[in-house]
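> Structure provided below as C-alpha cells; questions to follow.
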Amino acid sequence: MADRKLNKKNKLLAFVFMPLYMIGLFIIVYTITLLLSGRSYELISVIVFILATCFVCYIAGPKLNAFQFQHIYVVNEHLSLAQKIKEFKGMYIMLGSFSMVTGLLFGLT
C-alpha cells in the first residue's frame with residue numbers, strides 16, 4: 375500500500391475540498407458568534423485556524439495517516455465523494471464539529 379499514490383480526483387478531495395469544508399464551517403460559525411456577541415473580527419483567530427487546518431490536511435493526514443487518510447483516499451480511491459461521506463461519515467462529522475466548536479470558542483473569547 376505504501377507504493378500507491380493519490381489520483382487527481384482524490385488529491386482534489388483531500389487537499390482542496392477538506393480544507394475548504396473545514397474553513398467554511400469555521401468562518402460561518404465564527405461570523406454568527408461575533409454578530410450575536412456584537413464583537414468584531416480578529417484576524418489572528420482566522421489565521422491560526424487556517425494554519426491548523428493546513429497542518430491537519432497537508433501534514434497530519436498524508437504523513438501520519440491521521441483520520442484514516444490512507445483508507446479513505448488511497449484504498450477506496452474508486453468511491454465518489456457522496457460514497458466517501460456515507461462510508462466515513464464519522465470522520466467528516468468529527469472534522470466538521472471540530473471546525474464549528476473552534477469557531478464558537480474563538481468567537482466567544
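Under the numbering used here, read the sequence shown as residues 375 to 483, first letter to last. Positions of the beta carbon are idealized from the N, C-alpha and C atoms, including for glycine. A quick note: this is a predicted structure, and the numbers were derived from the prediction, not measured.
1. Would you grab the beta carbon distance between F441 and M465 for me? Rounded to a whole angstrom, and I think it's under 8 angstroms.
2. How close, in whole Å, do the beta carbons of F423 and T476 come, if the pair is a contact with beta carbons under 8 angstroms?
3. Could you tell me the distance, in whole angstroms, from the CA atom of K458 to the CA atom of S471?
4. Where V390 and N439 are concerned, what is the direct C-alpha to C-alpha distance, given to the nearest angstrom?
5. Give the list of continuous alpha helix (DSSP H) stretches no shorter than 4 residues that lie fully inside the segment 403-471.
6. Going by DSSP, what residue range makes up the alpha helix (DSSP H) through N384?
7. Taking Cβ to Cβ, would you say Q478 is nearer than 8 angstroms to M396?
8. In angstroms, rounded to a whole number, what distance separates the CA positions of V430 and G412?
9. Kindly indicate which residue of K463, L409, P393 and S454 has the alpha-carbon position closest to the one of T427.
On the basis of the supplied data:
1. At roughly 5 angstroms, the Cβ-Cβ gap stays under 8 angstroms, so F441 and M465 are in contact.
2. Contact between F423 and T476 holds: CB atoms are separated by about 6 angstroms, below the 8 angstroms threshold.
3. Taking the CA atoms as reference points, K458 sits about 18 angstroms from S471.
4. Rounded to whole angstroms, the gap between the alpha carbons of V390 and N439 is 17 angstroms.
5. 417-428, 435-438 and 455-461, all fully within the segment 403-471.
6. Going by DSSP, N384 is part of the alpha helix (DSSP H) stretching over K382 to L386.
7. Checking the sequence shown, residue 478 turns out to be Leu, not Gln. With respect to the 8 angstroms criterion, L478 and M396 are not classified as neighbours on the basis of their beta carbons.
8. Computed Cα separation, rounded: 31 angstroms.
9. Measuring from the Cα of T427, the nearest candidate turns out to be P393.
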